[in-house]
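Peer 1:
Residue numbers (this note's numbering), protein chains in the order written: chain G, 1260 to 1418; chain D, 373 to 764.
1. Can you tell me whether residue 384/D is buried or exposed? The criterion is at least 16 other CB atoms within 10 Å of its CB, across all chains shown.
2. From which residue to which residue does the beta strand (DSSP E) around residue 462/D run?
3. So that I know if they touch, is there some Cβ in chain G lying closer than 8 Å to that of residue 390/D?
4. Could you tell me which of 487/D, 670/D and 751/D sits nearest to residue 742/D, measuring between CA atoms?
5. With 8 Å as the C-beta to C-beta threshold (strictly closer), list the residues of the stretch 1260-1294 of chain G near chain D in chain order.
6. Please report whether the beta-carbon of residue 1414/G lies at a distance below 8 Å from any beta-carbon of chain D.
7. Look at residue 580/D and residue 611/D and say whether their C-beta atoms are less than 8 Å apart.
8. Name the chain G residues whose beta carbon is nearer than 7 Å to that of residue 504/D?
9. Which residue from 397/D, 379/D and 491/D puts its Cα closest to that of residue 722/D?
10. Are any of the Cβ atoms in chain G nearer than 8 Å to that of residue 704/D?
11. Assign residue 1403/G to buried or exposed, taking buried as 16 or more other Cβ atoms, counted over all protein chains shown, within 10 Å of its Cβ.
12. Is there contact here, the stretch 429-441 of chain D with the stretch 390-409 of chain D, by at least three beta-carbon pairs under 8 Å?
13. Does the contact criterion of 3 or more C-beta pairs under 8 Å hold for the stretch 1350-1357 of chain G versus the stretch 1374-1387 of chain G?
14. How do the stretch 596-609 of chain D and the stretch 567-575 of chain D stand: do at least 3 beta-carbon pairs fall below 8 Å, yes or no?
15. In chain G, what lies closer than 7 Å to residue 407/D by C-beta?
16. Please list the residues of the stretch 533-544 of chain D that have a C-beta atom closer than 8 Å to any C-beta atom in chain G, keeping them in chain order.
17. Under 6 Å Cβ to Cβ from residue 527/D, same chain only, skipping five residues before and after it: list those, please.
18. Grab the span of the beta strand (DSSP E) containing residue 1360/G for me, first residue to last.
19. Less than 6 Å between C-beta atoms, sequence neighbours within five positions excluded: which residues of the same chain meet that for residue 541/D?
20. Taking C-beta pairs closer than 7 Å, name the residues in chain G that residue 719/D reaches, listed in chain order.
21. In the DSSP assignment, find the beta strand (DSSP E) that holds residue 470/D and state where it starts and stops.
22. Closest to residue 627/D by CA distance: which of 478/D, 550/D, 391/D and 517/D is it?
23. Terminal residues of the continuous alpha helix (DSSP H) containing residue 642/D?
24. Per the contact definition of three or more C-beta pairs closer than 8 Å, is the stretch 592-602 of chain D in contact with the stretch 548-563 of chain D?
25. Helix, strand or coil, according to DSSP, for residue 492/D in the structure here?
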């Protein structure tokens, strides 16, 4: 199961027949394993990693450090889920250190992100402060380097 | 005759079969090569970064002949942890320019002219020539497909003579991927003790064993440390072929003799490579495990594809080679390889490049990207399917 998840995490688009052969199982067994992981919520979804320099170049991404007042019952969870519910929000993490939540927000342009922060995020009662940082360039995302390196030449036959 | 300018013992060594084949492949375009005996992975970034850092710090001089003390200490620790043999970094370890140099040094240090060296075939192409260049007499023992190319102690008894001085081992094996079962390894150790031989064990592929098959070093067996030279390096498991770093661990008197040759011929291995090697031993385990898992998946793929194509291929337990039996096609190893190359542009190495008993087999390396392995398997399947038509 570890190998399966590791491979899918790296390349979820791998043809299932190839994957079955690599893992030494039949395609039917493999399909059952994947279906189980999807059903029990281990695999939540599949994404393509897009090179932002080539497509969707206008999209603005911001990382927002949010300090919140935790609630007596529920701690950070209710407020975190409330923030996570917004469509603009890509990721929400509870952090150790100087702030409580780290929120990754994506918008079509600067104004969209700014208005989300001003109108939605900072107006939530429990939110004490927001520090918004904008992404300038992506070098690596989800384990993928964005600059494509040419493979170094190899000898064609060697002992 | 210009050839008379060349010393006789060098002239007597035949051209490498792999070299001939390399030149044919090199002349063709868009070949998918399963003929490459080195990892397709680039050295993990943290190791490259450590080498860059050492250059920035100005580490550009010679090191001690035996290798930098830091690296020798790291090697001692690694070998003790992974192979269960303790060596003193002060005088029982020498860092060499690849395992190839270590083999050369060891043979030159141990052999008097005419001394015999037993080694097993199919094997790495350099063993027999290295023995000859050290004035020794190579004595090959064939291993068999039904033993998954592991070595039988009983076969060694048939070739041992009063002139036998050294036994060379290489498990996991290039080109067969064979590993040694512990029980048989014990018998080989007993054989070496009985005939008072020095064992040269080239364990360059030792990290690369799959499916929880443990690797056992003969050096760790009782009574063997004092007569064994343990040879290892960084090329395969850490994907560091071009750095050229290997090492030998063994009795101080042999290491001292090897150092004598090394100091006058090589002086020392490159310092930046030694710095990189330290990083590999200290923090390279994770990246190595990742590459190893990738090899395992590719091995499963290629073995299953070849068997389906009608080419019997056992599932090798180590290294990154499969050694399928192509005799059912009616072609010799060389013809199979040449025709496959000409008609389907897939390069594999004829088994005979690794010794006469490799006839009927070819070596396919799976140290190549999954996409290429997949295309190569498809082309081999087509090739095998079309063979009867070609013959008639």
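Built from N, CA and C at the ideal position, the CB exists for glycine as well.
From a predicted model like this one, the values you see are computed outputs, not experimental measurements.
Peer 2: Looking at the atomic coordinates:
1. Residue 384/D counts as exposed, since fewer than 16 other beta carbons sit within 10 angstroms of its beta carbon.
2. From DSSP, residue 462/D is part of no beta strand (DSSP E); its letter is neither H nor E.
3. By this cut-off, residue 390/D is an interface position.
4. Ranking 487/D, 670/D and 751/D by Cα distance to residue 742/D puts 670/D first.
5. Contacts with chain D (Cβ-Cβ distance below 8 Å) from the stretch 1260-1294 of chain G involve 1262, 1265, 1266, 1277, 1280, 1281, 1282 and 1283, listed in chain order.
6. At a cut-off of 8 Å between C-beta atoms, residue 1414/G counts as an interface residue with respect to chain D.
7. Not closer than 8 Å, so no.
8. In chain order: nothing, as chain G lies at least about 16 Å away.
9. The option with the nearest alpha carbon to residue 722/D is 397/D.
10. False, the Cβ-Cβ gap to chain G never drops below 8 Å.
11. Looking at its Cβ environment, which holds fewer than 16 other Cβ atoms inside 10 Å, residue 1403/G is exposed.
12. In short, these stretches do not touch, since the Cβ pair count stays below three.
13. No: fewer than three Cβ pairs fall under 8 Å.
14. Here the stretch 596-609 of chain D makes contact with the stretch 567-575 of chain D; the two share three or more CB pairs at distances below 8 Å.
15. Here the neighbours are 1415 and 1416.
16. Within the stretch 533-544 of chain D, contact with chain G at the beta-carbon level (separation under 8 Å) is assigned to no residue.
17. Cβ neighbours of residue 527/D beyond the five flanking positions: 513.
18. Secondary structure note for residue 1360/G: its beta strand (DSSP E) is the uninterrupted segment 1360-1366.
19. Excluding residues up to 5 positions away in sequence, 573 lie with their Cβ nearer than 6 Å to the Cβ of residue 541/D in the same chain.
20. Within chain G, the residues near residue 719/D are 1415 and 1416.
21. Residue 470/D -> not in any beta strand (DSSP E); alpha helix (DSSP H) instead, spanning 470-482.
22. Residue 627/D has its Cα closest to that of 478/D, out of 478/D, 550/D, 391/D and 517/D.
23. It is not in any alpha helix (DSSP H) - residue 642/D carries neither H nor E in the DSSP assignment.
24. With a cut-off of 8 Å on Cβ pairs, the stretch 548-563 of chain D is in contact with the stretch 592-602 of chain D, counting three or more such pairs.
25. The DSSP-derived three-state label of residue 492/D is strand.
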